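Take a look at the structure set out below.
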Amino acid sequence: RAKADGRGTYRFFEPAMNAAVQARRSLEIDLRRALALKQFTLVFQPQIRLETGEVSGFEALLRWHHPERGLISPATFIPLAEEIGVIVGIGEWALRTACREAARWAQPASIAVNLSPIQFRGGKLVETVTLVLAQTGLDPARLELEITEGALLDDTDGVLTVLNGLRHLGVRISMDDFGTGYSSLSYLQKFPFDKIKIDQSFVRGMAGSAECGAIVRAIARLGASLGMRTTAEGVETADQLDAIRAEGCTEVQGYLTGRPMPASEAFALLGAGAHVSDPPVSDVVPAEA
Ligand code: C2E
Ligand code: MG
Ligand code: MG
Ligand code: MG
């Protein structure tokens with residue numbers, strides 16, 4: 287009888303499930319071809335050093351321009367790309383494209399690139415980063431690789447070996463989305479990250495929750511005592527900026543100080559000698575024109 291009930295329940299959900307499975311499959315097929323069809327671009331979001339107000343660098347963020355569905359968010363396609371095994375190729379493309387772009391900038395600003403946990407498997411990451419640095423001529427000290435604790439979850443020793451290999455190349459390593467995982471603090475003890483990026487959920491919560499403010503303050507202090515820089519992510523308002531400044535964060539990245547922008551605008555921003563109080567990007571004459 288339980289079986290019959292189960293079947294009835296299953297049949298009830300079946301049409302909707304089939305639609306979802308089908309949509310996923312077609313997205314999968316499209317995603318497998320997206321790199322070859324040149325459907326990816328990178329956008330660049332400024333990171334501001336709070337002491338000086340200067341742009342210290344940019345984070346490269348992937349965008350997928352789907353011919354029928356339009357712009358698809360990385361929050362949607364990155365997990366799928368990880369599942370079907372195409373993230374390694376896409377990630378390498380993102381790394382190479384970001385480094386090539388940064389190598390053209392008029393100022394030696396940093397370029398941050400996100401790495402998927404999957405890229406740590408297979409033992410090729412250090413080799414790939416070495417190759418890309420050689421191909422693009424980018425100074426390794428300008429490259430920041432952002433990892434989430436997902437990378438450290440499954441095989442910590444193996445990942446630590448890779449991280450040390452990357453560090454040996456002279457690149458910097460940031461811990462992204464800090465505070466959202468289960469054991470973020472233990473990773474700070476296992477590897478000397480250069481930078482902690484405080485997850486935007488805490489920054490967003492600061493206005494209405496004393497707890498979020500206390501957490502941001504604690505992470506900023508922790509970073510300072512460990513010799514790590516701390517970036518507050520997702521700062522959207524002047525009040526949030528004041529608050530994270532008061533809590534002692536060293537950097538800020540958010541819509542308030544700059545949305546993710548096309549490569550040409552990032553290039554122009556640096557060419558003009560970037561500063562937070564400068565006119566909007568659209569008013570800046572591109573240096574390449
Ligand atoms: P992330 O690395 O934590 O990147 C920050 C995300 O926050 C970006 O979303 C950015 O556009 C967004 N953001 C920045 N400032 C604000 C703000 O003030 N308000 C709000 N509401 N959002 C803000 P995006 O570009 O959609 O990327 C989402 C995630 O996708 C990234 O989170 C990262 O985990 C992943 N991702 C993006 N590009 C790549 C990539 O090349 N490789 C890998 N593996 N993952 C990537
Ligand atoms: Mg990131
Ligand atoms: Mg983040
Ligand atoms: Mg994130």
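To convert a position in the sequence shown, counted from 1, into full-length UniProt numbering, add 286. C-beta: ideal position from N, C-alpha, C; glycine also. Only a predicted model underlies this, so the values are computations on that prediction, with no experimental measurement involved.
Under 8 Å by Cβ, that's how I've got residue 342 and residue 396 pegged, so tell me the actual separation to the nearest angstrom. Rounded, the Cβ-Cβ distance is 6 Å, consistent with contact.
Please classify residue 556: is it buried, with 16 or more other beta-carbons within 10 angstroms of its beta-carbon, or exposed? In this structure residue 556 is buried. Its beta-carbon is surrounded by 16 or more other beta-carbon atoms within 10 angstroms.
List in chain order the residues whose CB is within less than 6 Å of at least one heavy atom of ligand 2. In chain order, the hits are 345, 400, 432 and 462.
Going by CA-CA distance only, name the one from 419, 522, 453 and 386 that's closest to residue 490. Cα-wise, what sits closest to residue 490 is 522.
Which whole-angstrom value describes the C-beta separation of residue 477 and residue 449, a residue pair presumed to lie in contact below a C-beta threshold of 8 Å? About 5 Å separates the two Cβ atoms, so the contact holds.
Label residue 473 either buried or exposed according to how many other C-beta atoms from any shown protein chain fall within 10 Å of its C-beta, with 16 as the threshold for buried. Around the C-beta of residue 473, 16 or more other C-beta atoms lie within 10 Å, and the residue is accordingly described as buried.
Answer yes or no: the CB of residue 483 versus the heavy atoms of ligand 3, is any distance below 8 Å? Checking the 8 Å criterion, the Cβ of residue 483 is within range of a heavy atom belonging to ligand 3.
Exposed or buried, which one is residue 301 when buried takes at least 16 other CB atoms within 10 Å? Per the 10 Å Cβ criterion, exposed.
In this structure, does DSSP put residue 546 in helix, strand or coil? In the structure shown, residue 546 falls within a coil segment according to DSSP collapsed to helix, strand and coil.
From which residue to which residue does the alpha helix (DSSP H) around residue 356 run? For residue 356, no alpha helix (DSSP H) run applies; the uninterrupted beta strand (DSSP E) run containing it begins and ends at 356 to 358, by DSSP.
If you draw a straight line from the alpha carbon of residue 423 to that of residue 500, how long is it in whole angstroms? Whole-angstrom Cα-Cα distance: 42 Å.
Are the CB atoms of residue 506 and residue 535 nearer to each other than 9 Å? Going by C-beta atoms, residue 506 is nearer than 9 Å to residue 535.
Measure the C-alpha to C-alpha separation of residue 467 and residue 331 and round it to an integer number of angstroms. Cα atoms of residue 467 and residue 331: separation of roughly 24 Å, rounded to the nearest angstrom.
Could you tell me whether the stretch 372 to 392 touches the stretch 410 to 428, where touching means 3 or more Cβ pairs closer than 8 Å? Yes: the two stretches touch, three or more of their Cβ pairs being nearer than 8 Å.
Less than 8 Å separating the Cβ of residue 468 from some heavy atom of ligand 1? Of the heavy atoms belonging to ligand 1, none sits nearer than 8 Å to the Cβ of residue 468.
Does the contact criterion of 3 or more C-beta pairs under 8 Å hold for the stretch 353 to 361 versus the stretch 332 to 339? Too few Cβ pairs lie closer than 8 Å, so no.
CB contact flag (residue 326, residue 379, <9 Å): The answer is yes: Cβ separation under 9 Å.
Does any heavy atom of ligand 3 sit closer than 8 Å to the C-beta of residue 519? Yes.
Since I believe residue 509 is in contact with residue 482 (beta carbons under 8 Å), could you give me their beta-carbon distance rounded to a whole number of angstroms? Between residue 509 and residue 482 the Cβ distance is about 5 Å, and since that is below 8 Å, they are a contact.
Alpha carbon to alpha carbon, how far is residue 309 from residue 357? If I take the Cα positions, the gap works out to 16 Å.
Pull up the distance between the alpha-carbon of residue 431 and that of residue 347, whole angstroms please. Inter-residue distance for residue 431 and residue 347 is about 12 Å (C-alpha atoms, whole angstroms).
For ligand 1, is there any heavy atom lying closer than 8 Å to the beta carbon of residue 377? Yes, ligand 1 has a heavy atom inside 8 Å of this Cβ.
So, under 8 Å CB-CB, residue 366 and residue 439 are touching, yes? Tell me the CB distance rounded to an integer number of Å. With a contact defined as Cβ atoms closer than 8 Å, residue 366 and residue 439 miss out at about 19 Å.
Could you pull out every residue in the same chain whose Cβ sits closer than 7 Å to the Cβ of residue 436, ignoring the five residues on either side in sequence? Hits under 7 Å: 403.
Would residue 511 be called buried (16 or more neighbouring beta carbons within 10 Å of its own) or exposed? Looking at its Cβ environment, which holds fewer than 16 other Cβ atoms inside 10 Å, residue 511 is exposed.
Check this for me: beta carbons of residue 350 and residue 320, under 9 Å apart or not? Closer than 9 Å, so yes.
Which residues in the same chain as residue 287 place their Cβ atom closer than 7 Å to its Cβ, once the five residues preceding and following it in sequence are excluded? Only weak support is given to the placement of residue 287: the predicted model assigns it a pLDDT of 41, under 50, and the value that follows is read from those uncertain coordinates. If the five residues before and after residue 287 are omitted, its C-beta is found closer than 7 Å to no C-beta atom of its own chain.
With 16 other CB atoms within 10 Å as the buried threshold, where does residue 376 fall? By the beta-carbon neighbour count (other beta carbons within 10 angstroms, threshold 16), residue 376 is buried.
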